[in-house]
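Under this note's numbering, the first residue of the sequence shown carries the number 2, and numbering increases by one thereafter.
Using N, Cα and C, we set each Cβ at its ideal position, and we do this for glycine too.
It should be emphasised that the depicted structure is a prediction, and the values quoted were computed from it without experimental measurement.
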Amino acid sequence: MKRKLLSLAMALIVVMGLNAQKVWNFGADATTFPLSTGVGMGPFPVIIDGLSITGISTNANMGAITAGAKTFTDANNVSYSFANRFQFNGAGYTGAAATDVTPSVNMPTQRYISFNVSGNSKIYFIGITGSSSSARKIFVTDGTTYVGGLNFPAASVANDGTIDYTGPAATLYIFCNQSCNLYYLSATNVLTTGIKSTLSDKGVTFNGTELVNNLGAELEVYNVVGKKITSSITTISTSNFPKGIYMARIKGHKEVLKFKL
């Protein structure tokens, strides 16, 4: 039994793509992030290379990749050369101001990016304000708690910094107090999802509190280390599950629905 659980855990980790470090080089990786006008007006999220991008239905330019050449040398004397930039093109929450030193909400409501981590993570940014006349700040939260932030000074001076997340598996959210731009983003212990985010073709969806099992398939739920939590041929309530990342699958099938509580 232990050997079976270990094999399943390893298989799930392979499917999820557990990485020591994941890099999104917006400024230099034109193959993954070509010049664009943004992710449009939905449906959201738009997922690119494991990075989830969410905008608002009245503004199409969140996530635009535009020309903005910049060179940058970090504190370790590592030099970067960027041709482009990723633009947030606005704040991550209603009523935000460039003077906000912390966000008024920990769950962003507009213009944000997110990714899943298996636990502790170091998030590194290279970025710049969206306005040469105004300093801006970028925030990291786990949806319920403020993790940290990084200032982008006025006068279009690029800045870098590392924010440490300490905690269990979580979705980390990144957003700004007003328009700001990123050249480079990396994070450790990222779970990049090459798996399905839905099993709706098999009658299974997650509505935030339940795994709805419309077709009566034998549905199995596992935690992030591969331990089976429960199984059922009917809808499964997740209200008593501990917070964390889970995988659901139909018995005998490889496709996985990943969800976070």
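Going by the DSSP bridge assignment, what does residue i pair with across the sheet?
i, result
"A171", "V118"
"N152", "K138"
"T312", "The chain is shown only over 2 to 262; residue 312 falls outside these bounds and no answer can be derived."
"T231", "V222"
"S80", "T74"
"T130", "C181"
"A61", "Paired residues: none, contrary to the question."
"T67", "R86"
"N214", "V205"
"T55", "Y113"
Taking buried to mean at least 16 other C-beta atoms within 10 Å of its own C-beta, is residue i buried or exposed?
i, result
"A156", "exposed"
"E219", "exposed"
"N78", "exposed"
"L173", "buried"
"A31", "exposed"
"Q88", "buried"
"S122", "buried"
"P44", "exposed"
"V191", "buried"
"T239", "buried"
"P104", "buried"
"A70", "exposed"
"V148", "buried"
Identify, in the order they occur along the chain, each residue of the same chain with its Cβ nearer than 6 Å to the Cβ of residue i, setting aside the five sequence neighbours on each side.
i, result
"Q343", "Residue numbering for the chain in the displayed model covers 2 to 262; residue 343 lies beyond these limits and cannot be assessed."
"K5", "Bear in mind that a pLDDT of 46 at K5, under 50, signals an unreliable position, so the number given afterwards is only what the model happens to contain. Excluding sequence neighbours, K5 sits near nothing in its chain."
"F153", "G128, I129, T130, R137, N160, C181"
"L183", "F27, F87, G128"
"S80", "T74"
"Y125", "T163, S187"
"V213", "T206, T236"
"S135", "A99, A155"
"A97", "N178"
So for residue i, helix, strand or coil by DSSP?
i, result
"K255", "coil"
"K203", "helix"
"E219", "coil"
"M108", "coil"
"S157", "coil"
"F73", "strand"
"D50", "coil"
"Q88", "strand"
"D30", "coil"
"G96", "coil"
"T38", "coil"
"F176", "strand"
"G245", "coil"
Take residue i and list the residues in its own chain whose beta-carbon comes closer than 8 Å to its own, dropping the five residues that flank it on each side.
i, result
"R250", "L200, L220, E221, Y223, E256, V257, L258"
"T95", "T110, Q111"
"L36", "I66, T67, A68, N85"
"K252", "A218, E219, L220, E221, S232"
"T72", "S80, Y81, S82, F83"
"P46", "S53, I54, T55, S115"
Can you grab the Cα-Cα spacing for the pair residue i / residue j, in whole Å?
i, j, result
"C177", "A29", "22 Å"
"T142", "H254", "34 Å"
"M248", "F34", "29 Å"
"D50", "G39", "15 Å"
"N60", "N90", "9 Å"
"S8", "G227", "In this predicted model, S8 has a pLDDT of only 46, less than 50, meaning its place in the structure is not dependable enough to derive any value."
"K203", "G150", "41 Å"
"Y113", "T146", "16 Å"
"S132", "D101", "15 Å"
"M42", "S58", "4 Å"
"K23", "N117", "11 Å"
Cutting at 7 Å between CB atoms, please list the residues of its own chain near residue i, excluding the five before and the five after it.
i, result
"F245", "Strictly speaking, residue 245 in this sequence is Gly, with Phe absent from that position. Counting only Cβ-Cβ distances below 7 Å, and skipping sequence neighbours, we find P169, A170, N224, V225, L262."
"S119", "L19, A170, N190, L192, V225"
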